[in-house]
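Enquirer: Residues are numbered in the numbering used here as their position in the first sequence, beginning at 1, plus a constant of 71. Where a beta carbon is used, it is the ideal one built from N, C-alpha and C, also for glycine. Nothing here was measured: the structure is a model prediction, and the numbers come from that model. Please read through the structure below; I'll follow up with questions.
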Amino acid sequence: MKVFYVTTPIYYANSLPHLGHLYTTTVADVITKHKRQRGFDAFFLTGTDEHGINIQRAAEKAGKTPKEQVDYIASELKKMFADFGIVEDENGYSIFMRTTEQFHYEGAQHFWRQIAKNKTPKGNPNIYKGYYEGWFCAPCAAFKTEDEYEVREGAEAPFCLIHEKPLDRVSEESYFFRLSDYSEVLLEIIHKHPEKIRPEARRNEVIAFIERGLQDLSISRERRSVNWGIPVPDDQNHVMYVWLDALSNYITALGYGNKQKSGFEKYWKHAHHLVGKDILRFHTVYWWAFLLAAGLDLPQVVFAHGMWLDAQGRKMGKTLGNVVELDILKKHFQVDAIRYFFLREMVFGQDGNFGYENLIDRVNADLANGLGNLVSRTLAMVEKYCKGRIPSCKISQENRILTKHEMTSLDEQEIVTTLEHARDEFIRRFDNFEFSQALEVIWKVIAKVDKMITDSKPWELAKQQHQTEALNALLYRAVETIRWLAVLLYPVLPDATRRIYRQIGLEGDPAKVNPENLRWGELPEGIRIQKVEAVFPRIDKRGVMNEIMNEAKVEKQEAEDYITIEDFLKVDLRVGEIKGAEKVPDADKLLRLEVDLGEEKPRQILAGLAEYYSPEKLIGRKVVVVANLKPRKIRGLESQGMICAASLNKDDIPAIATFIEEVKNGARLK
RNA sequence: GCCCUUGUAGCUCAACGGUAGAGCAGAGGACUCAUAAUCCUUUGGUUGGGGGUUCGAAUCCCUCCGAGGGCACCA
Numbered sequence: 072m073k074v075f076y077v078t079t080p081i082y083y084a085n086s087l088p089h090l091g092h093l094y095t096t097t098v099a100d101v102i103t104k105h106k107r108q109r110g111f112d113a114f115f116l117t118g119t120d121e122h123g124i125n126i127q128r129a130a131e132k133a134g135k136t137p138k139e140q141v142d143y144i145a146s147e148l149k150k151m152f153a154d155f156g157i158v159e160d161e162n163g164y165s166i167f168m169r170t171t172e173q174f175h176y177e178g179a180q181h182f183w184r185q186i187a188k189n190k191t192p193k194g195n196p197n198i199y200k201g202y203y204e205g206w207f208c209a210p211c212a213a214f215k216t217e218d219e220y221e222v223r224e225g226a227e228a229p230f231c232l233i234h235e236k237p238l239d240r241v242s243e244e245s246y247f248f249r250l251s252d253y254s255e256v257l258l259e260i261i262h263k264h265p266e267k268i269r270p271e272a273r274r275n276e277v278i279a280f281i282e283r284g285l286q287d288l289s290i291s292r293e294r295r296s297v298n299w300g301i302p303v304p305d306d307q308n309h310v311m312y313v314w315l316d317a318l319s320n321y322i323t324a325l326g327y328g329n330k331q332k333s334g335f336e337k338y339w340k341h342a343h344h345l346v347g348k349d350i351l352r353f354h355t356v357y358w359w360a361f362l363l364a365a366g367l368d369l370p371q372v373v374f375a376h377g378m379w380l381d382a383q384g385r386k387m388g389k390t391l392g393n394v395v396e397l398d399i400l401k402k403h404f405q406v407d408a409i410r411y412f413f414l415r416e417m418v419f420g421q422d423g424n425f426g427y428e429n430l431i432d433r434v435n436a437d438l439a440n441g442l443g444n445l446v447s448r449t450l451a452m453v454e455k456y457c458k459g460r461i462p463s464c465k466i467s468q469e470n471r472i473l474t475k476h477e478m479t480s481l482d483e484q485e486i487v488t489t490l491e492h493a494r495d496e497f498i499r500r501f502d503n504f505e506f507s508q509a510l511e512v513i514w515k516v517i518a519k520v521d522k523m524i525t526d527s528k529p530w531e532l533a534k535q536q537h538q539t540e541a542l543n544a545l546l547y548r549a550v551e552t553i554r555w556l557a558v559l560l561y562p563v564l565p566d567a568t569r570r571i572y573r574q575i576g577l578e579g580d581p582a583k584v585n586p587e588n589l590r591w592g593e594l595p596e597g598i599r600i601q602k603v604e605a606v607f608p609r610i611d612k613r614g615v616m617n618e619i620m621n622e623a624k625v626e627k628q629e630a631e632d633y634i635t636i637e638d639f640l641k642v643d644l645r646v647g648e649i650k651g652a653e654k655v656p657d658a659d660k661l662l663r664l665e666v667d668l669g670e671e672k673p674r675q676i677l678a679g680l681a682e683y684y685s686p687e688k689l690i691g692r693k694v695v696v697v698a699n700l701k702p703r704k705i706r707g708l709e710s711q712g713m714i715c716a717a718s719l720n721k722d723d724i725p726a727i728a729t730f731i732e733e734v735k736n737g738a739r740l741k
């Protein structure tokens, strides 16, 4: 039997489910359904990564124990998956992996022991004890990484972003993995098997990373600083650190190093890891080195997929208020529509844009007008012209010539060939992770059948007695094609294709039909079609968008208190030197200033500072100017900018913003 | 800062040295079996700007501008 193993990352249990979790898991679900349809024994793993300092902190913040925290997140994630049709059954995932389970502890410790037992390719011990040194924040009780602290001018130590206090240089006893001995082996493997890391651009990044040289990796933490983790075997003072623990889930779930689970021998050598591009390195460099160290096979493929950006191509985030909310998706869209969109809209491996409008457009164009309408027009005609029974495809000898004349657009062999090619191409694309292209192939077939129907004019054939056979054959061909498409599309549209199956009057389940075994003509004639209902009702774009906007509004208003960096950069703040200053006649407060912004000639700027600054005091000062303020006339004089000054109340004396260091005129403030 | 990728019709992308294409959106027409659907026709681009190599460049080279990403222990 053919075997397949696909994994999503196990999601870190410190935050609630979001679109990214749903996306990756949906893709894995689609792949699994497709492989099982084709007779593969497919194992599908998803789950949660439940250890580490960040979980400890998230738990503290929520007033929970770490275990309560991870139980909560794991159940939320499962619930969300179930909401979107991803469940643990014979068509869904095989295990919801959790790293806090006993079998994983045993397996991960076994993994550690194996690594420790073996030597590196250069003959050194894989694991040694040393000291991990880093910037440590005492109040946080944690080491800080580069993006968790800020370096301040003149300060000896960087500052913690949370506590705004200088960090300590601290070293802690740690076990190290001798990653530095693995550069050559890893590069050799990647060059020999480039298909193991995809897409290519990401593979090149990994190669570049390794070529820069690998440092040894700290793989444990002292229990007194992090205790929410798996104990290092034979050393109660240490717990295993993140990656060794988390990554090993892919094998412990299959029974590696434990007796509760099984399947390692069968599945592991067929492993395909789907990962976000942000964690590709850990799944190639670190994970592969660990596996080599433990003497295990490497996975077949590590595929880094892209991220969903918003409709404008910006990253999604709370501050922008552009996050796609799962409950809105759930409320307004069929699960199948979302699955289709995920696979059709994003070229797997690249980033994609996710907008509700794009989604609606896709659903209406492809699912409602395309697939859905083809099904309903075809079955409506079967009902109307054939008394609701699938007609015969046979055309008798005496009618052949006449029929051919009428149905010039299509002979049977042509559509059979088209379908078989499409099927083969679809499977080939699917096996190669090219889901959007695979779906395009199917939609070309849909267009072709629509054209065949329109060209053959069945409503006219129906009026002519001698054309009954031609009409029947045409409708049979259309329904038979739909049957094929239902089978092929089942992994992507599990619910819709089953409904289509039932409407055609077929008994079985498309999940159980291997697309490779589809044979033209196996649709039995004479079966009774069932009630025809729109599989994908058209979505009223304007109406639904309005509803979504209203529902999403609360979130957005909160976000509007912030501006983005783009907003800020719209304001062109520049350094200017005041070259000339004089009081504007007949005005109490107004000064006319000549400000040099490093441009061809100084700008004339009017400022209401005369009550507080005498003109001669200002000459030579460097000030901050809003350079792209729309020019306006004041007292008949054009002001070409604005001088920035600070004051608390309207009546307070303003203080002009200025510089202590030397700056060039025209320099931009950012 | 260094390195990589990318910039093609309103939108998403294809062509990767030989007369710029597809889908969606827009416009017009046909048709009525169908979810105002489908089918046909059609508008629309000096391929980010400039320079170069070539008989010929979206495609190769240089440069500028814009977008995205990578540069190690954060999952």
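Which residues mark the beginning and the end of the beta strand (DSSP E) in which residue 544 is found?
Expert: Run containing residue 544: none in the beta strand (DSSP E); it sits in the alpha helix (DSSP H), 539-560.
Enquirer: Which ranges does the beta strand (DSSP E) cover as unbroken runs of at least 3 residues, wholly within the stretch 417-499, from first to last along the chain?
Expert: 423-425
Enquirer: What do you reckon, are the CB atoms on residue 191 and residue 246 nearer than 8 Å?
Expert: The beta carbons of residue 191 and residue 246 sit no closer together than 8 Å.
Enquirer: With three or more C-beta pairs closer than 8 Å as the rule, is the stretch 511-521 touching the stretch 532-545?
Expert: no
Enquirer: Please say whether residue 696 and residue 666 have beta carbons closer to each other than 8 Å?
Expert: yes
Enquirer: Skipping 5 residues on each side, what residues in its chain have a beta carbon closer than 6 Å to that of residue 689?
Expert: 649 and 652
Enquirer: Just to confirm my understanding: we take residue 421, look at its own chain, exclude 5 residues before and 5 after, and list those with CB closer than 7 Å. What are they?
Expert: Here residue 421 has 377 as same chain residues with Cβ atoms under 7 Å from its own Cβ, once five neighbours each way along the sequence are excluded.
Enquirer: Residue 713: which of 339, 644 and 684 sits nearest, CA to CA?
Expert: 644
Enquirer: Let's test the definition: count the other Cβ atoms within 10 Å of the Cβ of residue 307 and tell me whether it reaches 16, buried, or not, exposed.
Expert: exposed
Enquirer: Could you tell me whether the stretch 73-83 touches the stretch 341-355, using the rule of 3 or more Cβ pairs below 8 Å?
Expert: yes
Enquirer: Contact between the stretch 371-387 and the stretch 104-112: three or more CB pairs below 8 Å?
Expert: no
Enquirer: Taking buried to mean at least 16 other C-beta atoms within 10 Å of its own C-beta, is residue 262 buried or exposed?
Expert: exposed
Enquirer: Considering only C-alpha positions, which residue in the set 72, 710, 85 and 93 is nearest to residue 400?
Expert: 93
Enquirer: Kindly identify the DSSP beta-bridge partner or partners of residue 289.
Expert: Residue 289 pairs with 247.
Enquirer: I need the straight-line Cα distance from residue 368 to residue 328, nearest angstrom please.
Expert: 15 Å
Enquirer: Which residues mark the beginning and the end of the beta strand (DSSP E) in which residue 166 is found?
Expert: 166-169
Enquirer: Who are the near neighbours of residue 443 in its chain, counting only those whose CB is closer than 7 Å to its CB and skipping five residues on each side?
Expert: Contacts found: 605, 606 and 607.
Enquirer: Ordered along the chain, which non-local residues of its own chain (more than five positions away) have a Cβ less than 8 Å from that of residue 196?
Expert: 187, 190 and 249
Enquirer: Since residue 357 and residue 430 should fall inside the 8 Å C-beta cutoff, what is the C-beta to C-beta distance between them, to a whole number of angstroms?
Expert: Actually they are not in contact, since the Cβ atoms of residue 357 and residue 430 sit about 36 Å apart, beyond 8 Å.
Enquirer: Please classify residue 78: does DSSP put it in a helix, a strand, or coil?
Expert: strand
Enquirer: Classify residue 591 as helix, strand or coil using the three-state DSSP reduction.
Expert: Residue state, collapsed to three classes: coil.
Enquirer: Between which two residues does the alpha helix (DSSP H) harbouring residue 92 extend?
Expert: For residue 92, the uninterrupted alpha helix (DSSP H) run begins and ends at 90-108, by DSSP.
Enquirer: Buried or exposed, going by whether 16 or more other CB atoms sit within 10 Å of the CB of residue 405?
Expert: buried
Enquirer: Do you know how far the Cα of residue 462 is from the Cα of residue 148?
Expert: 47 Å
Enquirer: Taking C-beta to C-beta, are residue 300 and residue 122 nearer than 8 Å?
Expert: yes
Enquirer: Alpha carbons only, please: which of 590, 144, 151 and 561 is nearest the one belonging to residue 103?
Expert: Nearest neighbour of residue 103 by Cα position, chosen from 590, 144, 151 and 561, turns out to be 561.
Enquirer: Could you spell out where the beta strand (DSSP E) holding residue 85 opens and where it closes?
Expert: Residue 85: not part of any beta strand (DSSP E); DSSP gives it neither H nor E.
Enquirer: What's the gap between the Cα of residue 601 and the Cα of residue 134?
Expert: Looking at the two C-alpha atoms, the distance is approximately 55 Å.
Enquirer: Which one of 693, 592 and 114 has the shortest CA to CA distance from residue 341?
Expert: 114
Enquirer: Assign residue 482 to buried or exposed, taking buried as 16 or more other Cβ atoms, counted over all protein chains shown, within 10 Å of its Cβ.
Expert: exposed
Enquirer: Thinking C-beta only, is residue 373 closer than 8 Å to residue 266?
Expert: The answer is no: Cβ separation not under 8 Å.
Enquirer: Hey, would you say residue 291 sits closer than 8 Å to residue 312, going by beta carbons?
Expert: yes
Enquirer: Mapping DSSP to helix, strand and coil, what is residue 662?
Expert: strand
Enquirer: Mind checking which residues open and close the beta strand (DSSP E) that includes residue 335?
Expert: Looking at the DSSP string, residue 335 is not in any beta strand (DSSP E); the run it does join, the alpha helix (DSSP H), is 335-338.
Enquirer: Roughly how many whole angstroms lie between the Cα atoms of residue 150 and residue 88?
Expert: Residue 150 and residue 88 have their C-alpha atoms some 10 Å from each other.
Enquirer: Using the C-alpha atoms, what's the distance from residue 437 back to residue 363?
Expert: Distance between the alpha carbons of residue 363 and residue 437: 46 Å.
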